[in-house]
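Visitor: Using this note's numbering, the letters of the sequence shown correspond one by one to residues 529 to 660.
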Amino acid sequence: MKIIKHKEEVLAIIVNEFDDKNNKIEFYTKEENILQLGRMNHKSGHIIKPHIHTNYTRETNGTNEVIYIKKGVVEVDFYTKDSKLIQSEILNENTWIVLISGGHGFKIIEDSELFEVKNGPYAEEKDKIRFN
529 MKIIKHKEEV LAIIVNEFDD KNNKIEFYTK EENILQLGRM NHKSGHIIKP
579 HIHTNYTRET NGTNEVIYIK KGVVEVDFYT KDSKLIQSEI LNENTWIVLI
629 SGGHGFKIIE DSELFEVKNG PYAEEKDKIR FN
């Protein structure tokens, strides 16, 4: 796991290796993050009890994204909230990234297949500010 920070603010969490020896549930994000990324490693025969998630109102501010790079190579650029480039990272296949704060942009280095999960509903006119 790699944490991308600017000063003390976490911009992103990159996860590309999992410890398969631990028979446990492990979360990489903090409980207060809008989206949670975790991993469950269970032995054959383990049962996750059937359950229903309750319907209660959550209030969130902003948008977080989780991107999974299934195949290919992608460069991610990380920016401050005032659009200044901080750093870049190359992500390879089978890598997860949680984008928590700041700005970001992507360059596709090799043909890639990405999956994205984010909180909704999506409102294009309110959701993002694009910059060069």
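Even glycine gets a Cβ: it sits at the ideal position worked out from N, Cα and C.
Using the rule of at least 16 other Cβ atoms within 10 Å of the residue's Cβ for burial, across every protein chain shown, is G630 buried or exposed?
Guide: buried
Visitor: Among T588, I576, F634, which one has its Cα closest to the Cα of N620?
Guide: F634
Visitor: Can the beta-carbon of L565 be found less than 9 Å from the beta-carbon of I541?
Guide: yes
Visitor: T608: which of E537, K530, I531 sits nearest, CA to CA?
Guide: E537
Visitor: Which same chain residues, not among the five before or five after V645, have their C-beta less than 6 Å away from its C-beta?
Guide: V594
Visitor: Excluding sequence positions up to five away, which residues of its chain have a Cβ less than 6 Å from the Cβ of E603?
Guide: S616, I618, K635, I637
Visitor: Rounded to a whole number of angstroms, what is the C-alpha to C-alpha distance between T591 and K530?
Guide: 21 Å
Visitor: Straight-line CA distance for I562 to I625?
Guide: 14 Å
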